[in-house]
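Asker:
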Amino acid sequence: MNKDYFDLLTGNIILETSIESFQNGNSFDFFENLSLRLKKYFKFDGWTIVDLRKGKPKFLSYSKNYEDLNLKELEEKMSDKEKFLYMQVKNSRKWKYVKDLQKNSIWIPRGNLVYSWIGIPLVFKNMEPLVLNLDFFSEKKISKKEKNFLNKFQENFLMYTFKISKLRDIFNQQYVDALTGLKNRQYLLDILNNVDLSEKLGIIFCDLDKFKSINDQYGHSFGDEVLKIVAKRMRNLVKSTDEVIRFGGDEFIILTRNVKGVKNVIERIKKFIGEREIFLDDKKIGVGISCGYAIFPDESEDFGEILHISDMRMYKDKNLNR
C-alpha cells in the first residue's frame, strides 16, 4: 500500500473527527469520535487520554469500560513521571508500541489489565502533547501496515492542527462532492484500490427512482436541492463509521464494515428515503430509492466486479419497485 493511501485514511479520520470541536472546548466529543474511528483499524479494547501539561498527569477522557476504575488513585501513582510510558511518548513526540507489558520494566497504570499497548502523541497548536493510549487486553502484534498508518497519523495530526483550514480545503477539493458534501467517486476509488483481502467490506449501491422526471418537471436547480436533502438523510441513517458517497448523478454508494448488517441498512434507507416526502419550495415530492449490495471479498476479490454485482442487484430492486 502506498503512502498516499495512508495520507487519505488518516487525513479523513482527523478531518471528520473535527479538530475545531476540541479547539472550541468540546474535548470529550472530539476524543470519543477519534477513538471510534481509530477502532476500525486497531480493534483495541480500551482507550484513555492523558494530559501531562500541569505537572501531575490527569485522565482527560477514557472509554466506558474504564468507568469503574479509580482513576484519581491511578493519577496519584503516576506522579513518578519518569517511570511510565506516557512520558516517553510526550518527550519524543513519537508513537510507541509495547507487545507485552508484563515483560516491560517501565511501569504503566492498569498493567495487570492491559497486555499490549500503543501510545500516540496528540500535538495541538500552543499546547504540550496529550497522549492517546490504545489498550489491548490480549497480545497485539503490530503489522507493517499498522506502523505505516501510525506514522502518517502522527505526521498528519501535527500538520492538520497547525494548518487545518488550508488542508481541509485541499482534501475537500480532491475528495468531497461540492453539491452534497458527501465523499466523491475519487475517494471511493482510492479507498477500494488499497483495501486488502483481510478486510470485509459491504458495498451498497443506491439509485433514486424516477429522478429524471423531477428534473424534467421542476428544473435541475430544484433537482439539486432534492439531492442535497436525500444526501443529508442518508448520512443521518448510517453509523458514523460508515461512508456515504455520491457516485455520480443520483447514484450513491455506502461502504460499511458491518457486513452482517447490510440488509438492515438497506431496509432503513428504503423506508426512510422512500416513505418520507420532501417539502421544497411549497411543493411536496415523493422520492423512491432502489438498492443492491455485494460483499468483498466473499463474492469477488475484484472491486470492479463487486460494483457490478451491487449495481445489477440495484436494478433488480428497481424493477420490483415499478
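Numbered by this note's numbering, the letters in the sequence shown go through residues 9 to 330 in order.
Idealized CB from N, CA, C, for every residue including glycine.
Three or more C-beta pairs closer than 8 angstroms, one from the stretch 270 to 288 and one from the stretch 299 to 306: is that the case here?
Answerer: The stretch 270 to 288 vs the stretch 299 to 306: in contact.
Asker: Can a CB atom of chain C be found closer than 8 angstroms to the CB of Cys299?
Answerer: In summary, chain C is missing from the structure at hand, where a single protein chain is found.
Asker: Can you check which of these residues, Thr249, Ile303, Phe179, Lys218, is closest to Asn327 by C-alpha distance?
Answerer: Residue mapping note: residue 327 aligns to position 319 of the sequence shown, counting from 1. Answer by Cα proximity: Lys218.
Asker: Using C-beta distances below 8 angstroms, list every residue in its chain close to Val139, excluding the 5 sequence neighbours before and after it, in chain order.
Answerer: Taking the sequence shown and counting its residues from 1, the one referred to as residue 139 is at position 131. Answer for Val139: Ile57, Val58, Leu60, Tyr94, Val97, Lys98, Gly127, Ile128, Pro129, Leu130, listed in chain order.
Asker: So, with DSSP's three-state summary, where would you put Tyr123?
Answerer: Taking the sequence shown and counting its residues from 1, one reaches residue 123 at position 115. Correct three-state label for Tyr123: coil.
Asker: Which whole-angstrom value describes the C-beta separation of Asp185 and Phe230, a residue pair presumed to lie in contact below a C-beta threshold of 8 angstroms?
Answerer: Residue numbering aside, residue 185 sits at position 177 when the sequence shown is read from its first letter. Residue numbering aside, residue 230 sits at position 222 when the sequence shown is read from its first letter. Not a contact, Cβ separation roughly 18 angstroms.
Asker: Name the one or two DSSP bridge partners that Tyr301 has.
Answerer: As a working note, residue 301 is residue 293 in the sequence shown. In the DSSP output, where bridge partners are listed per residue, Tyr301 has Ile212.
Asker: Taking buried to mean at least 16 other C-beta atoms within 10 Å of its own C-beta, is Tyr323 buried or exposed?
Answerer: As a working note, residue 323 is residue 315 in the sequence shown. Around the beta carbon of Tyr323, a 10 Å sphere encloses fewer than 16 other beta carbons of the protein chains shown; the residue is thus reported as exposed.
Asker: I'd like the list of long-range same chain contacts for Leu166, defined as Cβ closer than 7 angstroms, with 5 residues on each side in sequence excluded.
Answerer: Counting from one through the sequence shown, the residue named residue 166 turns up at place 158. The residues are Val131.
Asker: Just checking Leu190 against the ligand SAH - is the residue's beta carbon closer than 7 angstroms to any of the ligand's heavy atoms?
Answerer: This structure lacks the ligand SAH; in fact it carries no ligand of any kind.
Asker: Short of 6 angstroms in beta carbon distance, which residues of its chain neighbour Ser318, apart from the five on each side in sequence? Order them along the chain.
Answerer: Here the question's residue 318 lines up with position 310 in the sequence shown. Excluding the 5 residues flanking it on each side, Ser318 has same chain C-beta neighbours closer than 6 angstroms at Ile211, Phe213, Gly300, Tyr301, Ala302, in chain order.
Asker: Find the nearest neighbour of Lys208 within the set Lys80, Pro305, Thr18, Arg330, judged by alpha-carbon distance.
Answerer: Within the sequence shown, residue 208 is the residue found at index 200, counting from 1. Considering only alpha carbons, the answer is Pro305.
Asker: Have a look at Asp76 and Leu158 and give me their C-alpha separation to the nearest angstrom.
Answerer: Taking the first residue of the sequence shown as 1, we reach residue 76 at position 68. Taking the first residue of the sequence shown as 1, we reach residue 158 at position 150. If you take the alpha carbons of Asp76 and Leu158, they lie about 29 angstroms apart.
Asker: Mind checking which residues open and close the beta strand (DSSP E) that includes Val58?
Answerer: For the purposes of this step, residue 58 is taken as the residue at position 50 of the sequence shown. Counting along the chain, the beta strand (DSSP E) containing Val58 begins and ends at 54 to 59.
Asker: DSSP on Asp232, reduced to helix/strand/coil?
Answerer: The sequence position of residue 232 within the sequence shown is 224, counting from 1. In this structure, Asp232 counts as helix in the three-state DSSP scheme.
Asker: Would a C-beta distance cut-off of 8 angstroms place Lys133 and Thr169 closer than the cut-off?
Answerer: Sequence index remark: in the sequence shown, residue 133 carries index 125 (1-based). Sequence index remark: in the sequence shown, residue 169 carries index 161 (1-based). Taking 8 angstroms as the Cβ cut-off, Lys133 and Thr169 qualify as a contacting pair.
Asker: Using CA atoms only, rank isn't needed, just tell me which of Lys292, Ser248, Pro65, Leu200 is closest to Gln225.
Answerer: The residue given as residue 225 occupies position 217 in the sequence shown. When only C-alpha atoms are compared, the closest one is Lys292.
Asker: Can you give me the start and stop residues for the beta strand (DSSP E) that Val131 sits inside?
Answerer: The count along the sequence shown starts at 1 and reaches residue 131 at position 123. Segment: none, Val131 is in no beta strand (DSSP E) and carries neither H nor E.
Asker: By alpha-carbon positions, which one of Pro65, Phe67, Thr18, Ser69 ends up nearest to Leu46?
Answerer: Here the question's residue 46 lines up with position 38 in the sequence shown. Closest by alpha carbon: Thr18.
Asker: Count the other CB atoms within 10 Å of the CB of Lys72; is the residue buried (16 or more) or exposed (fewer)?
Answerer: Locating residue 72 in the sequence shown gives position 64, counting from the first residue. Exposed is the call here.
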